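Asker: Here's a structure for you.
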Amino acid sequence: MTRLTVPLSLVAALCAGAALAAPPPIQPGYWESTNKLLSPIKQSKTERRCITPADVDKFVSGPSNRHYACTYPTKVFSGGKIALKGTCVSKKGHKVAVKGAGAYTPTSFTLTAEIATEFLGLDITGKASTDAHRIADVCPPPEPKGEGSN
């Protein structure tokens, strides 16, 4: 049996990267997001990241990561509501269609996305979500790099 896996990095790219109009809808700071693949296989990952003022536009409008490059011909982030529709393509050329909707405030956002792809000649659909919130105004200092072993 072949198992379809959609990397959580795609979920994060889809949800964190919903392209936005100015002014930036979220505040910079220390953010926590929980990215979930709800179907066809359940996966979940929570991560924290620092979003500087310079990172806000990239965070909300740069839906690409090291695994997928995404384009959203339909992208609305206005009046507290999010809507997007587009395609993500892996480095190997695998395409995933995406349609998402959600809500945001300056300190939180939620997004649920429907995904569709073809795998071994079969049409596969699924659902992913991201729930994110700002947990601090200021990011913690970076952890020091190891100085070698003792």
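Residue numbering for the sequence shown follows the numbering used here, beginning at 18 and increasing consecutively.
The C-beta atom is built at its ideal place from N, Cα and C for all residues, glycine as well.
Given the structure is predicted, the values throughout are model-derived calculations rather than measurements.
(1) Which same chain residues end up closer than 8 Å to P90 when comparing Cβ atoms and leaving out the 5 residues on each side of it in sequence?
(2) Taking all protein chains shown into account, decide if I152 is buried (16 or more other Cβ within 10 angstroms of its Cβ) or exposed.
(3) Contact defined as beta carbons within less than 8 Å: I believe K149 pairs with S50. What is the distance between those atoms, to the nearest angstrom?
(4) Considering Cα atoms alone, identify which of K92, Y85, Y47 and T122 is closest to E64.
(5) Give me whichever residues DSSP pairs with T124 in a beta bridge.
(6) I think P42 touches P159, with their Cβ atoms under 8 Å apart; what is that distance to the nearest whole Å?
(7) Starting from E64, trace the beta strand (DSSP E) both ways and give me its first and last residue.
(8) Can you grab the Cα-Cα spacing for the pair P80 / K92, in whole Å?
(9) Are the beta-carbon atoms of G138 and L128 separated by less than 8 Å?
(10) Using CA coordinates, which residue listed in F126, C87, C67 and I141 is at the minimum distance from S107?
(11) Can you say whether K53 is buried or exposed, counting buried as having 16 or more other CB atoms within 10 angstroms of its CB?
Answerer: So, from the data block:
(1) Taking P90 as the centre and dropping the five residues before and after it, the same chain places the C-beta of K102 and G103 closer than 8 Å to its C-beta, in chain order.
(2) exposed
(3) Sequence inspection shows Ala at residue 149; the Lys mentioned does not correspond to that position. That belief holds up - the Cβ atoms of A149 and S50 are roughly 4 Å apart, short of 8 Å.
(4) Y47
(5) The partner list for T124 (beta bridge, DSSP) is empty, contrary to what the question assumes.
(6) The pair is not a contact, with the Cβ atoms about 26 Å apart (cut-off 8 Å).
(7) Q60 to I68
(8) Residue placement at P80 cannot be trusted, given a pLDDT of 48 that sits under 50; the coordinates are not used to answer.
(9) Result no, Cβ atoms of G138 and L128 do not sit closer than 8 Å.
(10) C87
(11) buried
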